[in-house]
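Mapping of the sequence shown onto this note's numbering: position 303 corresponds to residue 306, and the numbering continues sequentially without gaps.
These notes concern the structure reproduced below.
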Amino acid sequence: MKIRIAHLVEDMGMGGIEKIIQSIFLSYDKTRFEHLFLCLSRGGIIYESIRSKGAQAEILGIKNYNSFTSMRKVSFWLKKNRIHIVHTHAHPAGYLGRTAAFMAGNIGLIYHVHTMPLDLMTRHHIKESAIGLITDKILCISNSARDYLITKQFYVKDKIEVLYNGVNSPSSTKFIEKPEYLAEGSDCYPIIGIVASLTENKGHASLLQAFREIIKEYPKARLLIIGDGPEMSNLINLSDRLGIQHNVNFCGVQQNVFPYLACLDIFVLPSIFREGFPCTIIEAMAMAKPVVASNLHGIPEAVQDNVNGLLFPPGDSSSMAKALLRLTRDQKMSRAFGEQGKKIYQATFTFEQMMKRLEEIYVEIAQKRHLLPD
Numbered sequence: 004m005k006i007r008i009a010h011l012v013e014d015m016g017m018g019g020i021e022k023i024i025q026s027i028f029l030s031y032d033k034t035r036f037e038h039l040f041l042c043l044s045r046g047g048i049i050y051e052s053i054r055s056k057g058a059q060a061e062i063l064g065i066k067n068y069n070s071f072t073s074m075r076k077v078s079f080w081l082k083k084n085r086i087h088i089v090h091t092h093a094h095p096a097g098y099l100g101r102t103a104a105f106m107a108g109n110i111g112l113i114y115h116v117h118t119m120p121l122d123l124m125t126r127h128h129i130k131e132s133a134i135g136l137i138t139d140k141i142l143c144i145s146n147s148a149r150d151y152l153i154t155k156q157f158y159v160k161d162k163i164e165v166l167y168n169g170v171n172s173p174s175s176t177k178f179i180e181k182p183e184y185l186a187e188g189s190d191c192y193p194i195i196g197i198v199a200s201l202t203e204n205k206g207h208a209s210l211l212q213a214f215r216e217i218i219k220e221y222p223k224a225r226l227l228i229i230g231d232g233p234e235m236s237n238l239i240n241l242s243d244r245l246g247i248q249h250n251v252n253f254c255g256v257q258q259n260v261f262p263y264l265a266c267l268d269i270f271v272l273p274s275i276f277r278e279g280f281p282c283t284i285i286e287a288m289a290m291a292k293p294v295v296a297s298n299l300h301g302i303p304e305a306v307q308d309n310v311n312g313l314l315f316p317p318g319d320s321s322s323m324a325k326a327l328l329r330l331t332r333d334q335k336m337s338r339a340f341g342e343q344g345k346k347i348y349q350a351t352f353t354f355e356q357m358m359k360r361l362e363e364i365y366v367e368i369a370q371k372r373h374l375l376p377d
């Protein structure tokens with residue numbers, strides 16, 4: 004008998020959480036497990052992608068995450084699909100999903116914290132602490148997130164485990180059609196890139212200001228901004244105001260980022276607040292790219308300063324520019340950082356390592372709760 008696991012998430016757009024869920028679907032042991040996927044409010048790019056590949060995935064269309072009606076709706080779905088373990092991803096799916104699973108009966112409960120937790124109001128802290136008591140396992144993507152849950156949300160320490168995000172090795176680095184500025188023989192240097200949602204917390208505005216300093220010394224520098232989001236128009240306008248628009252390319256959302264990463268000389272992530280453990284940094288390390296990133300939350304657990312990259316204070320565009328220029332001027336150092344990053348990735352951050360531990364956790368919970376026949 005297989006262990007039936009339901010992944011509950013708010014939606015499945017094109018972010019780090021969704022990419023992890025997609026990788027789980029593509030990689031799980033089909034002889035021991037069945038994975039189902041439930042979008043509580045809406046679908047998205049990853050939802051359509053996994054459904055096209057045969058995933059059992061549904062959308063409930065929930066609007067109110069705190070209503071009893073919503074909890075009952077999710078609980079009914081879990082019972083109908085004979086779920087053994089609910090794997091909830093992020094807040095608010097974490098609270099609604101675990102409450103509904105508790106209502107449904109003997110179901111294992113996992114809460115996967117994919118970023119730094121929100122600063123919740125007191126009443127929400129109380130609810131989170133209470134639901135934590137009935138949760139079997141709380142997975143955090145960094146030590147900083149774990150420490151926050153223990154000190155600020157009062158979770159039971161023994162239930163929390165750090166499970167670093169893992170990424171699969173790049174399958175292809177070939178462009179179907181390369182943009183002219185990246186064609187063979189192009190003399191663009193350096194090519195700097197970021198893969199992130201275009202939201203305020205990712206620090207794109209600070210990056211554009213830093214990049215202006217790079218262009219002063221390297222007029223043929225390129226900045227590839229890969230991703231989409233609510234800040235798109237503001238960032239385009241800012242690049243125009245800074246006079247760097249001809250050196251900046253907004254590449255949009257890309258399901259396969261590895262061809263873009265392959266073109267880079269330096270990967271940058273200038274997050275300014277609430278950063279967990281970014282998959283995009285691990286993807287860059289897998290491609291042997293040096294990383295320049297803000298010294299924030301879980302980032303230093305992947306990027307070791309002066310080992311596989313350079314760290315700078317969040318929001319400090321001047322320090323960011325200095326770090327980018329240091330690697331641009333010293334290509335030997337840049338290559339050494341990239342090679343060291345790939346070694347760190349292979350030793351610690353492969354998806355195979357993450358999936359192996361995750362499936363061990365599923366089995367441990369199933370055995371503890373006697374969910375399967377002996």
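For each residue, glycine too, the CB sits at the ideal point set by N, CA and C.
Remember, it's a predicted structure, so these values are computed and weren't measured experimentally.
Which class does residue i belong to by DSSP, given the choice of helix, strand or coil?
| i | result |
| --- | --- |
| Ile141 | strand |
| Tyr167 | coil |
| Asp319 | coil |
| Ser102 | Reading off the sequence, residue 102 comes out as Thr, not Ser. DSSP places Thr102 in helix when its eight states are reduced to three. |
| Asp268 | coil |
| Ser172 | coil |
| Leu375 | coil |
| Met357 | helix |
| Ala454 | Here the chain covers residues 4 to 377 and nothing more, so residue 454 does not appear. |
| Val159 | coil |
| Pro95 | coil |
| Ile275 | coil |
| Met290 | coil |
| Phe280 | coil |
| Met336 | helix |
| Ile179 | Residue confidence for Ile179 is low, a pLDDT of 45 falling below 50, so the modelled location carries little weight; the figure read from the coordinates is stated next. Three-state DSSP puts Ile179 in coil, outside helix and strand. |
| Gly301 | coil |
| Gly108 | coil |
| Thr118 | coil |
Can you check DSSP and say which residues form a bridge with residue i?
| i | result |
| --- | --- |
| Arg7 | Glu37 |
| Ile113 | His90, Lys140 |
| Asp308 | Gly312 |
| Thr331 | Note: Thr331 sits in no beta bridge, so no partner. |
| Thr351 | Beta-bridge pairing links Thr351 to no other residue. |
| Ser147 | Per DSSP, none; premise fails for Ser147. |
| Val12 | Cys42 |
Classify residue i as buried or exposed, calling it buried when 16 or more other Cβ atoms lie within 10 Å of its own Cβ.
| i | result |
| --- | --- |
| Val306 | buried |
| Met378 | Outside the displayed range of the chain (4 to 377) lies residue 378, so it cannot be described from this structure. |
| Leu39 | buried |
| Thr102 | buried |
| His117 | buried |
| Leu313 | buried |
| Ala296 | buried |
| Asp190 | exposed |
| Arg225 | buried |
| His92 | buried |
| Ile179 | Summary for Ile179: the model assigns pLDDT 45, below 50, so the residue's position carries little reliability; its value from the coordinates is reported in the next sentence. Ile179 should be labelled exposed. |
| Thr125 | Residue placement at Thr125 is poorly supported in this model, since its pLDDT is 47, which falls under 50; the coordinates are not used for a value here. |
| Leu280 | According to the sequence displayed, residue 280 carries Phe and not Leu. By the neighbour-count rule (16 or more Cβ atoms within 10 Å), Phe280 is buried. |
| Gln370 | exposed |
| Arg7 | buried |
| Ser172 | exposed |
| Thr138 | buried |
| Met250 | The displayed chain sequence assigns Asn, not Met, to residue 250. Buried, by the Cβ-count rule. |
| Thr283 | buried |
| Gly16 | buried |
| Tyr158 | buried |
Please report whether the beta-carbon of residue i lies at a distance below 8 Å from any beta-carbon of chain D.
| i | result |
| --- | --- |
| Ser26 | The chain inventory of the structure shown lacks chain D, comprising one protein chain alone. |
query = Are the region 204–219 and the region 316–331 in contact at 8 Å, needing three or more beta carbon pairs?
reply = yes
query = Which ranges does the alpha helix (DSSP H) cover as unbroken runs of at least 4 residues, wholly within the region 186–265, from first to last along the chain?
reply = 207–220, 235–244, 261–265
ask   = In chain order, which continuous runs of the beta strand (DSSP E) of length 3 or greater are located wholly inside the region 19–90?
value = 36–42, 59–62
ask   = Hey, is the region 234–241 in contact with the region 340–360, meaning 3+ C-beta pairs nearer than 8 Å?
value = no
key: Inter-stretch contact at 8 Å, needing at least 3 Cβ pairs: the region 75–87 / the region 108–116   = yes
The region 334–349 touching the region 226–233, judged by at least three CB pairs closer than 8 Å = no
ask   = Should the region 72–80 be regarded as contacting the region 354–364, the criterion being three or more beta carbon pairs within less than 8 Å?
value = no
message = Three Cβ pairs or more, each shorter than 8 Å: is that satisfied between the region 163–172 and the region 194–201?
response = no
key: Validate contact between the region 135–147 and the region 250–270 using beta carbons, cut 8 Å, 3 pairs   = no
inquiry  = So, does the region 274–288 touch the region 329–337, judging by three or more C-beta pairs under 8 Å?
reply    = no
request  = Inspect the CB distances between the region 58–70 and the region 30–46 and report whether three or more fall short of 8 Å.
outcome  = yes
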